[in-house]
Amino acid sequence: MSSGWLESRRIRFDPSHGAVSHGPTLPRPTSWDDLDATFRERLENSIARSRDYLLAIQHDEGYWVG
């Protein structure tokens with residue numbers, strides 16, 4: 315006698331799809347040289363500040379907490 319419990323807990327596997335869609339084609343990333351000089355400077359400053367902050371909060375043993 316079966317209550318149907320086992321059948322209701324089974325995993326269903328759907329067959330694979332024939333065609334694979336890779337989605338839309340994305341534009342080429344902007345070259346560093348194509349960026350505005352002001353934007354490049356601001357980006358470099360942001361990266362430097364972030365690096366300096368992370369190094370400042372790093373423990374002597376080389377790890378971060380938080």
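If you use my numbering, the sequence shown corresponds to residues 315 to 380, in order.
C-beta atoms are modelled at their ideal positions from N, C-alpha and C, and glycine is treated no differently.
Every value quoted in this text rests on a predicted model; they were computed, and no experiment measured them.
Spatially closest choice to residue i from the options, by CA coordinates
i: W346; options: E358, E375, D366, S330; result: E358
CA-to-CA distance, residue j to residue i, given in whole angstroms
i: D350; j: L369; result: 29 angstroms
i: T352; j: D328; result: 53 angstroms
i: Q372; j: S360; result: 18 angstroms
i: R365; j: G337; result: 35 angstroms
i: D342; j: D374; result: Before going on, a small fix: residue 342 reads as Arg here, not Asp. Each residue's alpha carbon lies about 41 angstroms from the other.
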